[in-house]
Structures are given as C-alpha cells and as structure tokens.
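The sequence shown runs -26 to -1, 1 to 347 under mature numbering (1 follows the signal peptide of the UniProt record, and there is no 0).
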Amino acid sequence: MERLQRRLPVAFLLLLPLLSVDFSWCVLSVAEEQKCLDLAGNATARNIRGTLKCVRGLNTRDCMDKIKNGTADAASMFADDIYAAGLCHGLELAAGESHNGVDGNSYYVVAMARRSSSDLSLLEMHERSSCHPGIRTTVGWTVPIGYLVNTSQISVGEQCNFPRAVGNFFGYSCVPGVKDPQHDPRGNNPKNLCEACIGDENDRHICANNQRERHYGEAGALRCVAENLGDVAFVKHTTVFDNLDGKNQESWALDLELEDLKLLCPDGTEAGLDEYRQCHLAAVPANAVVVRMEDKCRVWKYLERLQNVFGNATEGFSLFSSAGYGESDLLFSDATHHLQRVLGSYTSWLGPSYTTILQAFECEGKCLCVKVC
C-alpha cells in the first residue's frame, strides 16, 4: 500500500500536461484575434473545461517560433507552412480540417487553358506564357513550379534562384508580387514575370500583390487566360465554377463559357473541367493545427470539446464561420466541415505526392532552417 501511495504523485505529474486548463492560440490579425476572444468568452459561458488565451503573432513564422518556445500552444496553418514547421521546428499536428466531409484534401491545383489552344502540353511549356494567382502562393507558385522542377523542365542551380529560373523558362507571365521588395530585395527578378499583368483601370499598380492588379488571385489568373494574355492559368479546381454562369458579373467572366476551357494534365494529355480528380498537378492537403509533439493529445481534446459545442452551431458563435469579422478563414477555414484527429506525423498528413512537390524547394528549405531555427 505504501509503495502504491509513492507512485501516485509520479503518475499525477505525468498526467499534468493533459489536465492543463490553459490553452493559447496564435492569431495573425485583429479580426482573427477578435474571433479568438469571442470563442474564449463563449467557451467560458458554456463551461467548457479549459481557458483559451489569444496570442498575437507577427506572421506565420513568428507563430511557429512561439509554439516551439512555449509562448503559444497552437495555430492553424496551410500545407506549405506545416512542412516548414515540421522540417525546421520539429513541430507536429494535433488536428486537421475536413472539407465537405472529405478528410485530408482541401482542393486540387489544376492547369487551365483555352480549348482553342490545341498545341499546348504541360510537358512542353518552355517559352509559353503563364498566369499565376501570386508569388509564393500554394496554387500559383509552390505546386506549378515544384511540378516543373520535378519533371526536370527547369533547374534552379546552386543559387537556388527560383524567380530567375521561372523567368528563363516562360516567355512571359503574370506573377503578382514577384517584383515586391519582400520577394525581390535586390530588384533583379525577371521583368517578364510581370509582362502578362495589366494593373488597374488606370494602368497603375502593374504586378501588384493585391486586387489592384486585375490579374491577381485565382479569378485574376483565369481572367489572364480568358483575355488571351496567358496560355495557362494555375488555379484551384473550383475557380472556374466560382466565376462563370453569372457568379462573376465582370465582363470577361460573362463572355466566357465552360466549354471554352480545358485542363492540362501532368502526363501531357488534356481533359474536361470536371475531370480534375484525375487531371491535376496536386491534391493540396487541408489546413491543420500545428503544436508541439508533447501537446498533440492535450490540444486535440480541447479542440474536440470546442467543436462538440460550436462546430455545427446555427445560432450564436460558430467555430467554422468568419461572418461578421470582415475577413475570411479566421482560426479555421470557413469551408471546414469538422476537425479530425491527426495521429500520424505531419508528413503523413501532407502525403507523399505533396511532400515531393515541397522537396523541389529543398534548397530554400535548408536556407530557411539555418535562418529560423
């Protein structure tokens, strides 16, 4: 009996991390912080065990640092950031988003072209023109450029200079933001990466990394192809359906029909717009909650309690809605159906094919680890 009593404090200490009542979430904007605070208040009002705190991060990398050093416990991140968090910081995942009841994948990245372009092939894009939603975006940069590297169509060399390699490969492109100081500190990124951009109605803000550039974003990349300024647009599989059939009232969209477009497949063939499950560059994993390895269980248990109360709420606070905050996808993607527990590693969530795409940027990843870790 005495031996059992001596063991009890040890067992209790081992359970302390799981019983911890404090839980901090790293947020990136005023709107996200407000939703976090509202969640905390509603959770307290509903007597959900645990106290949620909201920690403001400067950017996603800062949130990774905060989670690693213990000043924050969790944050939801995109697939590319999940890879960096695991590779450079040794972080893991507690939960992942499920969209429309489909676990794991958020969307497909596709290459879209005009059906009238009969001589196009993804295996022969040299000197062609391209339209990208933006620099350093998953859809517009990571996936298509990773594909081109992995198929040996472009080589970045020892300098690890992706913009230069992309500029040398395509004839001209629109990659909004590629000339911004943040992405081009030395001012030597190729000018042809902005030559398919058009700026605003007054021909200003050409190649801007925001809506003032009319070819910015996925709708802008689609417009770039529709207006014959690009041969191919790299977009989500949903982009065309979100902008045609009267959903987008801009003249370029009203003049475009679904029958005018096609998908270009990685093997060099082409397919119809509804064949994106078979014809895509990548299936992008959904966002997931990044945590320290030792907190996987604790964070999941808390999130499970939150979604049991607020996950399917039709009145009052809703965990998966950003309505009323002036921004979208706060804390979680608005398209989230539910959160699922991630028992495996971050690489198992990303999947082998998407991880392979990210490994095309390995030279950048190694540099990043040196600078950040």
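Every residue gets a Cβ at the ideal spot worked out from N, C-alpha and C, and that includes glycine.
Distance, residue 92 Cα to residue 3 Cα: 45 Å
Closer than 7 Å: residue 290 CB and nearest the ligand NAP heavy atom: Of the ligands one can find in the structure shown there are none, so the ligand NAP has no counterpart to examine.
Three CB pairs or more closer than 8 Å across the region 53 to 63 and the region 23 to 41: yes
Close beta carbons around residue 329, own chain, < 6 Å, minus the five adjacent residues each side: Within the same chain, 321 come within 6 Å of residue 329 by CB-CB distance, once the 5 residues on both sides are set aside.
Outcome for residue 228 when other beta-carbon atoms lying within 10 angstroms are tallied against a minimum of 16: Burial call: exposed.
Straight-line gap, residue 182 to residue 121 (C-alpha atoms, nearest Å): Roughly 25 Å between the two C-alpha positions.
The beta strand (DSSP E) enclosing residue 333, as first and last residue numbers: Looking at the DSSP string, residue 333 is not in any beta strand (DSSP E); the run it does join, the alpha helix (DSSP H), is 326 to 333.
Length-filtered (4 minimum) alpha helix (DSSP H) runs lying within the region 217 to 282: Scanning the region 217 to 282 for uninterrupted alpha helix (DSSP H) segments of 4 residues or longer gives 225 to 228, listed from N- to C-terminal end.
CB contact flag (residue 49, residue -2, <8 Å): The Cβ-Cβ distance between residue 49 and residue -2 falls below 8 Å.
According to DSSP, residues forming a beta bridge with residue 70: 262 and 314
Three CB pairs or more closer than 8 Å across the region 297 to 311 and the region 2 to 19: At 8 Å Cβ cutoff, the stretches touch.
Sequence-distant residues of the same chain with beta carbon closer than 8 Å to residue 287, five excluded per side: 293, listed in sequence order.
Residue closest to residue 189, alpha-carbon to alpha-carbon, out of 200, 171, 69 and 338: Comparing Cα-Cα distances from residue 189 to each of 200, 171, 69 and 338, the minimum goes to 171.
Residue 112 versus residue 331 - alpha carbon distance: 10 Å
Status (buried if at least 16 other CB within 10 Å, exposed otherwise) for residue 211: It counts as buried.
Beta-carbon proximity of residue 73 to residue 110, cut-off 8 Å: It is not a contact, given that the beta carbons lie outside the stated cut-off.
Boundaries of the alpha helix (DSSP H) in which residue 9 is found, first to last residue: 4 to 19
Sheet register partners of residue 198 (DSSP bridge): In the DSSP output, where bridge partners are listed per residue, residue 198 has none listed.
Closest residue to residue 87 among 230, 324 and 81 (Cα-Cα distance): 230
Where residue 322 falls: helix, strand or coil (DSSP): Residue state, collapsed to three classes: helix.
Residues of its chain near residue 152, where Cβ-Cβ distance is below 7 Å and the 5 sequence neighbours each way are ignored: Contacts found: 109, 137, 158, 163, 167, 168 and 181.
Anticipated Cβ contact below 8 Å, residue 261 with residue 71, distance rounded: 5 Å
Cβ shell of residue 15 (< 7 Å), same chain only, five flanking positions each side left out: none
First through last residue of the alpha helix (DSSP H) which encompasses residue 190: Counting along the chain, residue 190 falls outside any alpha helix (DSSP H), and DSSP gives it neither H nor E.
Closest by C-alpha distance to residue 319, when choosing among 25, 44 and 66: 66
Continuous alpha helix (DSSP H) stretch holding residue 40: start and end: 34 to 43
Residue 147 to residue 106 span [Cα, whole Å]: Using only the alpha carbons, I get a separation of about 8 Å.
Residues near residue 142 by beta carbon distance below 8 Å, same chain, minus five either side: 128 and 164
For residue 337, the nearest candidate out of 43, 13, 28 and 130 (CA to CA): That would be 130, whose Cα lies nearest to the Cα of residue 337.
Residue range of the alpha helix (DSSP H) that includes residue 79: Careful: residue 79 lies outside any alpha helix (DSSP H), inside the beta strand (DSSP E) at 79 to 88.
Cβ neighbours of residue 191 in the same chain (closer than 6 Å, five flanking residues each side left out): 107
Pick from 242, 221, 96 and 241 that is closest to residue 232, judged by C-alpha positions: 221
Unbroken alpha helix (DSSP H) run spanning residue 49, endpoints: Segment 49 to 51 is the beta strand (DSSP E) holding residue 49; no alpha helix (DSSP H) there.
For residue 153, three-class secondary structure by DSSP: coil
Contacts around residue 296, its chain only, beta-carbon distance under 7 Å, and the 5 residues preceding and following it disregarded: Cβ neighbours of residue 296 beyond the five flanking positions: 9, 302, 303, 304 and 308.
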